[in-house]
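In what follows, a single structure is set out as structure tokens and then discussed.
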Amino acid sequence: MKQFNVGIIGYGWAATAHIAAINATGKARVTAICSSRKLDAQALSAQYGNSIATYTDVKAMLKDPSIDVVDVTSHPWKHKDHAVAAARAGKHIILEKPMALSWKDCKAVEAAVKKAKVKFALCFECRYSAQFIATKALIDQGLLGDLHYGEIDYYHGIGPWYGQFPWNVKKSGGGSALLSAGCHALDALLLCLGDDVAEVTSYATGSKSKIFKPYQYDTTSVTILKFKSGKVGKCASVIDCLQPYYFHTQLVGSNGSLLDNKVHLHGIAGMNKAKWSQLSFGLVDSGDVADHPYQSQFDAFFGALAAGKDMPLTGLKEALRSHEVIFAADKSAATGKPVRI
Ligand SMILES: NC(=O)c1ccc[n+]([C@@H]2O[C@H](COP(=O)([O-])OP(=O)(O)OC[C@H]3O[C@@H](n4cnc5c(N)ncnc54)[C@H](O)[C@@H]3O)[C@@H](O)[C@H]2O)c1
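Residue numbers (this note's numbering): 18 to 358.
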């Protein structure tokens, strides 16, 4: 089977996890890295065990005909330009979240990807975690019955102890509590409840702790979602908390409930409703990129690419829908009014 050659844009924290995960799929390898900092090609080739060309200019890397896929791990405010340039160069695209910092820029990425007919994956890799693969299977097999309520919340204090803090605190860098990181939780909520969101109402605030004072935007938001199907949902994004990372998941259906890795299945005779039953999968419980399920996501992407198919679960359609809801939520928080979608 052909191994795809991948060129990475940006060589920061996320890129280091991407390279290990891409190479570990066995279906692709990173053969070029473009960073605004000048990198040592020899040292990188020795480190990753194959020849890696280095660039400081994105256009120069995109001219390399041997590169099949471009993986954009640059800062959020460069995502649109880098993804559009990659599409115009005819490269398939892996793009880190957020897709872009405005809905207009997300639509520009969509137009470029569609025009170039290239394949696209957005890093909403939580969909490929053991937790959400198992959770989705429980839903799809009807074990919880018909879901009518769900809340998926993101609690992760992104303070000065993170390398991204200096740029993430800026409105033009991190964007909002949802765009910065809570987008993973909102995206997971749409995975579980469906993407037929009709209306959102959101409120935002921020911690009084001086640790989070440098932020130029509200670092806690809570969004209520009304679905066309009648379901309701809630997503809190709290990036200014002082507590362990917690990806809180509660789903309620006509046949039972799920809380993180615990269930009560009312339809199964003999289960004790007074106690949760524990499931065995590992939880999404770390903000460290080394712990993220990138490898499973990239494995699916390169498998789909080899088969000439679109990316399952985290493709263009899902990326656009989740971002449309995120921008509507941020608009609601800014205007104090519900936003219809
Ligand atoms: N999916 C996740 O869970 C997850 C986790 C961490 C980061 N991220 C995302 O990954 C992206 C990068 O975050 P990070 O923490 O690695 O940031 P970082 O600051 O560590 O790295 C960003 C890199 O991009 C490079 N860069 C910027 N402009 C460039 C240009 N014009 N040409 C070439 N290189 C350029 C910088 O030199 C830097 O090395 C962000 O969008 C962030 O939101 C996602």
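Beta carbons are placed, not taken as given, at the ideal position from N, Cα and C, and that holds for glycine.
Are at least three pairs of beta-carbons, each pair with one atom in the stretch 115 to 123 and one in the stretch 43 to 60, less than 8 Å apart? Result no; under three Cβ-Cβ pairs closer than 8 Å.
Can you pull the DSSP bridge partners for Ala253? Here residue 253 is taken as the residue at index 236 of the sequence shown, counted from 1. BP columns for Ala253 point to Val239.
How long is the line joining the alpha carbons of Ala374 and Lys19, rounded to whole angstroms? Residue 374 lies beyond the residue range present for the chain, which begins at 18 and ends at 358; the question has no answer from this structure.
When you compare only the Cα positions, how much space is there between Asp257 and Gly176? Position 240 of the sequence shown, counted from the first residue, corresponds to residue 257. Position 159 of the sequence shown, counted from the first residue, corresponds to residue 176. Roughly 7 Å between the two C-alpha positions.
In chain order, what are the residue ranges of uninterrupted alpha helix (DSSP H) at least 4 long that sit wholly in the stretch 188 to 221? 200 to 210, all fully within the stretch 188 to 221.
C-alpha distance - Ile111 paired with Leu268, whole-angstrom precision: What you label residue 111 is simply residue 94 of the sequence shown in a count that begins at 1. What you label residue 268 is simply residue 251 of the sequence shown in a count that begins at 1. Each residue's Cα considered, the two are about 30 Å apart.
So which of Glu127, Thr152, Lys354 and Lys80 has the shortest CA-CA distance to Ala300? Counting from one through the sequence shown, the residue named residue 300 turns up at place 283. With the sequence shown as reference, residue 300 is identified as Leu, and Ala is not the correct amino acid for it. Minimum Cα distance to Leu300 is reached at Thr152.
First and last residue of the uninterrupted alpha helix (DSSP H) at Tyr145: Within the sequence shown, residue 145 is the residue found at index 128, counting from 1. Per DSSP, Tyr145 lies in no alpha helix (DSSP H) and is assigned neither H nor E.
How is the beta strand (DSSP E) around Ile110 delimited, first residue to last? Locating residue 110 in the sequence shown gives position 93, where the first residue counts as 1. Taken as a continuous stretch (DSSP letters only), the beta strand (DSSP E) holding Ile110 covers His109 to Leu112.
Name, in chain order, the residues that DSSP records as bridge partners for Gly270. As a first step, residue 270 is located in the sequence shown; it is residue number 253 there, counting from the start. Within the DSSP secondary-structure output, Gly270 pairs in a beta bridge with Leu164 and Gly273.
DSSP on Lys95, reduced to helix/strand/coil? Taking the sequence shown and counting its residues from 1, one reaches residue 95 at position 78. DSSP, reduced to helix, strand and coil, places Lys95 within a helical segment of the structure shown.
Which residues in the same chain have their Cβ closer than 6 Å to the Cβ of Leu160, if we skip the five residues on either side of it in sequence? As a first step, residue 160 is located in the sequence shown; it is residue number 143 there, counting from the start. So the qualifying residues of the chain are Leu282.
In angstroms, rounded to a whole number, what distance separates the CA positions of Ile156 and Ser146? If you number the sequence shown from 1, residue 156 lands on position 139. If you number the sequence shown from 1, residue 146 lands on position 129. Going from the Cα of Ile156 to the Cα of Ser146 covers about 15 Å.
According to the neighbour-count rule (16 or more other Cβ atoms, all chains shown, within 10 Å of its Cβ), is Pro310 buried or exposed? Here residue 310 is taken as the residue at index 293 of the sequence shown, counted from 1. With at least 16 other beta carbons inside 10 angstroms of its own, Pro310 counts as buried.
Quick check: what's the CA-CA separation for Lys97 versus Lys76? Walking along the sequence shown from the start, residue 97 turns up at place 80. Walking along the sequence shown from the start, residue 76 turns up at place 59. In a straight line, the C-alpha of Lys97 is about 14 Å away from that of Lys76.
Tell me which residue opens and which closes the beta strand (DSSP E) that Val130 is part of. By 1-based counting over the sequence shown, the position of residue 130 is 113. Here Val130 belongs to no beta strand (DSSP E); instead the alpha helix (DSSP H) covers Trp120 to Ala133.
For Ala45 versus Phe319, is the C-beta distance shorter than 8 Å? Here residue 45 is taken as the residue at index 28 of the sequence shown, counted from 1. Here residue 319 is taken as the residue at index 302 of the sequence shown, counted from 1. It is a contact, given that the beta carbons lie within the stated cut-off.
Rounded C-beta distance between Thr331 and Arg144? I'm assuming under 8 Å. As a first step, residue 331 must be located in the sequence shown, where it is residue number 314. As a first step, residue 144 must be located in the sequence shown, where it is residue number 127. The Cβ separation is near 5 Å, so the contact holds.
Rounded C-alpha distance that separates Val186 from Ala286: Taking the first residue of the sequence shown as position 1, residue 186 is located at position 169. Taking the first residue of the sequence shown as position 1, residue 286 is located at position 269. It is roughly 51 Å from the alpha-carbon of Val186 to the alpha-carbon of Ala286.
Option in Tyr171, Leu275 and Asp316 with minimal Cα separation from Ala138: Counting from one through the sequence shown, the residue named residue 138 turns up at place 121. Of the candidates Tyr171, Leu275 and Asp316, the one whose C-alpha sits nearest the C-alpha of Ala138 is Asp316.
Contacting residues, own chain, Cβ-Cβ under 6 Å from Ala100 (five flanking each side not counted): Here residue 100 corresponds to residue number 83 of the sequence shown, with the count starting at 1. For Ala100, the CB contacts under 6 Å within the same chain, skipping 5 residues up- and downstream, are Val89, Ile110, Leu112 and Val126 in chain order.
Measuring only the C-alpha atoms, how far is Tyr172 from Lys132? Indexing the sequence shown from 1 puts residue 172 at position 155. Indexing the sequence shown from 1 puts residue 132 at position 115. If you take the alpha carbons of Tyr172 and Lys132, they lie about 38 Å apart.
Start and end of the beta strand (DSSP E) containing Ala291? For the purposes of this step, residue 291 is identified with residue 274 of the sequence shown, where counting begins at 1. First-last for Ala291: undefined, no H or E at that position.
Pick helix, strand or coil for Ile228, following the three-state DSSP scheme. Your numbering for residue 228 matches position 211 in the sequence shown. Ile228 falls in the helix class under three-state DSSP.
Glu335: beta carbon under 7 Å from a heavy atom of ligand 1? Working through the sequence shown from its first residue, we reach residue 335 at position 318. In terms of side-chain proximity, the C-beta atom of Glu335 is found no nearer than 7 Å to any non-hydrogen atom of ligand 1.
Using a Cβ-Cβ cutoff of less than 8 Å, which residues in the same chain neighbour Ala129 once the five nearest sequence positions on both sides are dropped? Position 112 of the sequence shown, counting from 1, holds the residue named residue 129. Contacts found: Ala100, Val101, Ala104 and Arg105.
Should Thr48 go down as buried or exposed, given a rule of 16 or more other Cβ atoms within 10 Å for buried? Mapped onto the sequence shown, residue 48 falls at position 31. Looking at its Cβ environment, which holds 16 or more other Cβ atoms inside 10 Å, Thr48 is buried.
Does the contact criterion of 3 or more C-beta pairs under 8 Å hold for the stretch 235 to 247 versus the stretch 205 to 216? Short answer: they touch.
Go ahead and pull the three-state DSSP assignment for Asp308. As a first step, residue 308 must be located in the sequence shown, where it is residue number 291. Of the three classes helix, strand and coil, the one that applies to Asp308 here is helix, per DSSP.
Cβ-based neighbour list, Ser84, same chain, cut-off 8 Å, excluding 5 preceding and 5 following: Position 67 of the sequence shown, counted from the start, is the residue given in the question as residue 84. It should be pointed out that residue 84 corresponds to Ile in this sequence rather than to Ser. Asn22, Val23, Gly24, Thr48, Ala49, Met78 and Lys108.
Mapping the DSSP letters down to three states, classify Phe244 as helix, strand or coil. Walking along the sequence shown from the start, residue 244 turns up at place 227. In the three-state scheme derived from DSSP, where H, G and I count as helix and E and B as strand, Phe244 is classed as strand.
Within 7 Å: the Cβ of Gln148 and any heavy atom of ligand 1? Counting from 1 along the sequence shown, the entry for residue 148 is found at position 131. No, Cβ of Gln148 sits at least 7 Å from all heavy atoms of ligand 1.
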